[in-house]
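Residue numbers for the sequence shown follow my numbering, beginning at 202 and rising by one.
Backbone N, C-alpha and C define an ideal beta-carbon position, used for all residues, glycine too.
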Amino acid sequence: MWALECRRLGKRFGERWVFRGLELSLQMGTVLLVRGANGSGKSTLLRLMAGLLAPTEGTVVLRYQGTPVADRKRYLGWCAVDGALYRELTGYEHLRWWAQVRNLPAERDLLLTHLERFELGHRAHERVRAYSAGMRQRLRLALATYGAPPLLLLDEPDAGLDSSGLRLLERTLHEQATYGIACFATNRAEFARWGNLALELGS
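Here's what the structure looks like:
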């Protein structure tokens, strides 16, 4: 069983505290919706959870069977609208590279099947520079979910997605809840039903 804990978590930039004293305990099966106005700290919180930022105070701990995991980056999937993609690589090449970096299976059929899940199979061998904004976001989601990481962190994952892409995103969150934890940040009230736990920042 996986669990993510934030204890007395706080982040300050200069003299400004984004938030302070945050307490969270997320168990396997949790889909956490993080909401708040611009500047309230949604992206900051997810980056702290991912280990991409260091907290000013407090701790973030990922546990498996009650035991802290030493390097939680190995166990997470990360998707943000500003996530870097390489224009001259194809979608397939991105996923193959990611699989190799994470020491995950990189057989051609597995990679193509995963891209198909995000409706990218027919464009798998095209360079990313030819992808629309929505297709690039689908590719980020495909990268984040490959290998079924137990912790999935999505920062405004709905950006650029059409109705079909939003259905894929909803399905992805539901699937994640069957074997891990998902946290996603959004300002769109209509997505509140996707989460089974909500956190409002800046309120």
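Contact annotation, Thr291 with Ala325: C-beta distance approximately 7 angstroms; criterion of less than 8 angstroms satisfied.
Counting every other CB atom within 10 Å of its CB across the protein chains shown gives Glu357 a total of 16 or more, marking it as buried. No Cβ-Cβ contact shorter than 8 angstroms links Leu355 with Phe392. Here the C-alpha atom of Pro351 lies approximately 25 angstroms from the C-alpha atom of Glu258. Separation of the CB atoms of Ala378 and Gly230 is rounded to 5 angstroms, and the pair is thereby assigned contact status at 8 angstroms. In the structure shown, the three-state DSSP call for Arg209 is strand. Here the stretch 213 to 227 lies against the stretch 243 to 261, with 3 or more beta-carbon pairs under 8 angstroms apart. Under the three-state reduction of DSSP, Phe392 is assigned to helix.
When DSSP reads this structure, Gln338 sits in no beta bridge, so it has no partner. A direct Cα-Cα distance of roughly 31 angstroms separates Gly403 from Gly267.
One alpha carbon belongs to Glu294, the other to Leu286, and they sit about 11 angstroms apart. DSSP places Thr260 inside the beta strand (DSSP E), whose first and last residues are Glu258 to Tyr265.
Minimum Cα-Cα distance from Ser241 among the listed residues Phe220, Leu263, Val232 and Leu234 corresponds to Phe220.
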